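Residue numbering for the sequence shown follows the numbering used here, beginning at 118 and increasing consecutively.
Cβ atoms here follow ideal geometry from the backbone N, Cα and C, with glycine treated the same way.
None of the values given here were measured: they were computed from a predicted structure.
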Amino acid sequence: MSQLSAYEVLRRPRLTEKSTRLREEATRWKKRGETFVFEVDARANKIQVRQAVEEIFGVEVAHVRTVNVRGKKRRYGRSLGYRSSFKKAYVTLKPGGKTIDFLEG
Numbered sequence: 118m119s120q121l122s123a124y125e126v127l128r129r130p131r132l133t134e135k136s137t138r139l140r141e142e143a144t145r146w147k148k149r150g151e152t153f154v155f156e157v158d159a160r161a162n163k164i165q166v167r168q169a170v171e172e173i174f175g176v177e178v179a180h181v182r183t184v185n186v187r188g189k190k191r192r193y194g195r196s197l198g199y200r201s202s203f204k205k206a207y208v209t210l211k212p213g214g215k216t217i218d219f220l221e222g
């Protein structure tokens with residue numbers, strides 16, 4: 118298996134309604150840490166995702182869940198195409214620790 122750098126493992130954060138709701142639920146349930154969603158390299162495993170998040174953002178990760186999302190069929194005029202498949206990771210931080218702030222400059 119090839120060794121990926123931390124910046125190759127994490128591609129981008131997925132800022133959707135669901136991911137925002139997951140972060141906000143952590144404030145209601147004090148036992149649970151905040152959950153962040155990232156689009157990651159398809160070759161990366163959970164251990165590499167954990168190490169990349171801890172290295173880049175300097176936080177403690179409680180656990181990581183990954184999902185492979187298949188590309189959907191899309192029609193472009195008469196021709197049929199596909200969206201790209203990707204892998205996403207749900208990263209839950211340890212409660213009471215440092216958090217990640219994407220929207221700050």
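query: DSSP state of residue 148 mapped onto helix, strand, coil; result: coil
query: Outcome for residue 157 when other beta-carbon atoms lying within 10 angstroms are tallied against a minimum of 16; result: buried
query: Rounded Cβ spacing between residue 211 and residue 199 (contact assumed at less than 8 Å); result: Incorrect: roughly 38 Å between the Cβ atoms, too far for contact.
query: Proximity of residue 121 and residue 160 at Cβ, strictly below 8 Å; result: yes
query: First and last residue of the uninterrupted beta strand (DSSP E) at residue 163; result: No beta strand (DSSP E) contains residue 163, which is instead part of the alpha helix (DSSP H) from 163 to 174.
query: Straight-line Cα distance separating residue 124 from residue 218; result: 17 Å
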